Amino acid sequence: MSKKLQSIRGIHDGLPDEVQIWQHIETIARRIFASYSTREVRLPILESTEVFVRSIGTETDIVSKEMYRFEDRNGDDICLRPEGTAGAVRAYLQAGLSRSGTQRWFYMGPMFRRERPQKGRLRQFQQIGVEWFGVAGPIEDIEVLTMASSFLDELGIKTRLEINSLGCPDCRPDYRKKLTQELEKCQDELCGTCQQRLSTNPLRILDCKQASCQALLKDIPEMTEHLCGICDAHFLTLQRGLKELGVPFLVNPRIVRGLDYYNRTAFEFISEELGAQGTVLAGGRYDGLVSQQGGPATSAIGFASGLERLGMLLAGKVKSPQIDATVVALGASTHIFSLQIAHTLRQQGFHISHCGTGSSKALFKRAAREQARYTLVIGEDELARQIISLRGDDEKHAFTLSQLIEHMTAS
RNA sequence: GUGGAUGUAGCUCAAUGGUAGAGCCCCGGCUUGUGAUGCCGGUGGUUGUGGGUUCGAGUCCCAUCAUCCACCCCA
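For the numbering used here, add 120 to where a residue sits in the first sequence, where the first one is 1.
If you want it as C-alpha cells, here you go:
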C-alpha cells in the first residue's frame, strides 16, 4: 500500500465552495477596477531572481529565506513570484510604457512565500493587486483609496482604514536619524528583536508588538510631525480628499514599510476578525521603485489584497449558483429521452443537472440536494407521450418540451 | 527561523495502559413515481506516519509529517 498523497505544506486546494467565493470577489474587483479605468494584466509566475533582488534588495530575510528560488537547467537563477509589484514594474519597463502616459493595471493570481504557514498565511496564496504608474498624486492617492474602499464595501467586508505618510528621501532619513537617537537612549529597555532592529531597520520598532516597547514609544517623535513641506501638503490633501469623499480613516503614524522604495502614502485596511492576520488590503506609494529597477523616475502607487483572507470573511455569505432544473429519469428506457431533454434545455441557456441512475428514492434525494428551481420527472408514461412532469404535480400538469421552455423562461 | 497547542470514521467528538465507539452524514431495505416520519440493515479506521517501552499502546517515550496560535519577517 502506498502512503496517502497530500498537498505540500502551506499549499492548499481550492475546492468548489471556496472557489465560488473567490470568483465572487474577482467579479466585484473587475467591476470596481473597471470603473476606475484600471485594466487587467497577466504577468509571469516565474521571474528571474534579479527582478526581486533589484526591488527588494538583499537586506531583509525576503530574498534569502522566504522565496522559492532555484536554478533552472541552464543555470539561470529564477524564482516563483512572492508578490506582484516587482514583476509589474519589470513588465512596464520591458514594454517601454514609461513614455505612454498613465498606466492603470490590476492583476490576480498566485504568489509564493516560504513562510511558516498559518490560517490566512499560506505558502501559495492568491492576490488581487493594483498598480498605477505615472501618477504623482495626491489625486491618484485619493482615487486608489476610494477604489480600494469601494471594493471592500461592495464585498460587505468591514474594515478600518489606517493611513500614514512615510515621507520621502528628503525627509525620512532625518526622521530615521532622530528616531534612532531617541531610541538609543532607552536601548537597554527595548526587547531583543528591537535592539536588533535599531541597527537594521529602526522604523520597524514603531510597530513592535511588545507592550514594553510600545510603552517606550509613547513620547517618541512621529514621522507625521517631521514631513518636509511637499510631503506634508501631499498628506494633508489626501486626508481632506478622503474626508470629502466620505471614506473614513485613521491616521496611524506607526504604519511602516520594510522597503526603502516606498514613500509618502501608506495604508492598510484591517479587519478585527482575523487576529494577527488582520490586514486584508495594504498598499502605498512607491515613487522610487521604477528608477530602482533601471527605468526613468516614475511615480506610482498600488495595493494588494489576499483572496484567502477576504474569502474567510465571506465564508457562508456567497450564494451558490442556482441550478434551473434537475432531471429525474425513472427506468432505463427513459435515459436517452431524458438526456435529450437536458441537452435541449442547456442549449436554451438553462443550467441543468441530471440525477443519473438509481432507485427512485435515490434519484429524488439527489434531485432535492441540487436545490434546483424545478425537478423534471421523466418516466415510462412521459416517454410514451413525449412530455415532462414536474415534481409534485401529476401527469395532467405535464409539459411538452416547448411548453416547459416557455414556463421556465417566464418564471 | 523561534516558542506553544492539536492530530481517532466524510464531519463533530468519546474511549483508567486491557476487544476502537457514538451522533450527524452517506448507501440500501420495508416502499422499482415524488427528498416526510418511523423501523431495520450497511459502507467507512493500519487511531497522521515511523520507531521505541510494555505480556499488552489510541493512551507512555522519541522522531517525523500536517494543521492551528503567537513571535520573526511582512514584499
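We put the beta carbon where it would ideally sit given N, CA and C, even for glycine. Quantities reported herein were computed from a predicted structural model and do not represent experimental measurements.
Check	Outcome
N-terminal and C-terminal residue of the alpha helix (DSSP H) that TYR295 is part of	292-305
Cβ-Cβ separation, THR344 to PRO373 (assumed contact under 8 angstroms), whole Å	5 angstroms
Pairwise C-alpha distance: LEU379 and GLY469	51 angstroms
Distance between PHE172 and ARG405 (C-alpha atoms, nearest Å)	18 angstroms
Same chain, Cβ closer than 7 angstroms to LEU401, five either side skipped, listed in chain order	ALA268, LEU272, PHE389, PHE423, SER425
Alpha helix (DSSP H) segment containing HIS463, residue limits	455-467
Sequence-distant residues of its chain with Cβ nearer than 7 angstroms to MET121 (five each side left out)	Residue confidence for MET121 is low, a pLDDT of 34 falling below 50, so the modelled location carries little weight; the figure read from the coordinates is stated next. Closer than 7 angstroms at Cβ, skipping near neighbours: no residue.
Beta-carbon contacts of ILE218 that lie in its chain and below 8 angstroms, excluding the five residues immediately before and after	In the sequence as displayed, the identity of residue 218 is Ser instead of Ile. Within the same chain, SER218 has close Cβ partners TYR212, PHE253, GLY254, VAL410, GLY415, PRO416, THR418.
One or two residues paired with MET231 in a DSSP bridge	PHE245
Alpha-carbon spacing of LEU427 relative to GLY130, whole angstroms	15 angstroms
Cβ neighbour criterion (16 or more within 10 Å) applied to ARG466	exposed
Sheet register partners of LEU510 (DSSP bridge)	LEU496
Nearest candidate by alpha-carbon position, reference ASN284, set ASP290, TYR494, VAL376	VAL376
Cα-Cα separation, PHE355 to GLU282	13 angstroms
Minimum length 3: unbroken beta strand (DSSP E) runs contained in the region 376-449	383-390, 399-405, 420-426, 445-449
Backbone secondary structure at GLU251 - three-state DSSP	strand
Residues of its chain near ARG486, where Cβ-Cβ distance is below 7 angstroms and the 5 sequence neighbours each way are ignored	CYS475
Reference HIS471, options VAL447, THR222, MET187, GLY276, closest by Cα	VAL447
As assigned by DSSP and simplified to three states, the class of SER220	coil
Bridge-paired residues (DSSP) for CYS199	GLU167, ARG189
Cβ-Cβ distance between THR495 and ARG511 below 9 angstroms	yes
For ARG317, the first and last residue of its enclosing alpha helix (DSSP H)	312-320
Three CB pairs or more closer than 8 angstroms across the region 320-333 and the region 297-312	yes
Three-state secondary structure (DSSP) of LEU286	coil
Distance CB(GLU186)-CB(ARG241) smaller than 9 angstroms	no
Contact check, GLY229 vs LEU310, beta carbons under 9 angstroms	no
Chain-order list of residues whose beta-carbon lies under 8 angstroms from that of CYS348 (same chain, five-residue window excluded)	GLY287, CYS288, ASP290, CYS291
Terminal residues of the beta strand (DSSP E) in which ILE325 lies	Careful: ILE325 lies outside any beta strand (DSSP E) and carries neither H nor E.
DSSP state of VAL161 mapped onto helix, strand, coil	coil
HIS474: first and last residue of the uninterrupted beta strand (DSSP E) it sits in	472-474
Nearest residue (CA-CA) to ILE498, options LEU326, GLN506, ALA492	GLN506
Close Cβ partners of ALA518 (< 7 angstroms) along its chain, the five nearest in sequence each way excluded	GLU502, ILE507, ILE508, SER509
Integer Cβ distance of TRP225 from GLU251, believed to fall under 8 angstroms	5 angstroms
Cβ distance (whole Å) where SER391 is taken to contact ILE277 below 8 angstroms	7 angstroms
Three-state secondary structure assigned by DSSP to VAL595	Here the chain has residues from 121 to 531 only, and residue 595 is not among them.
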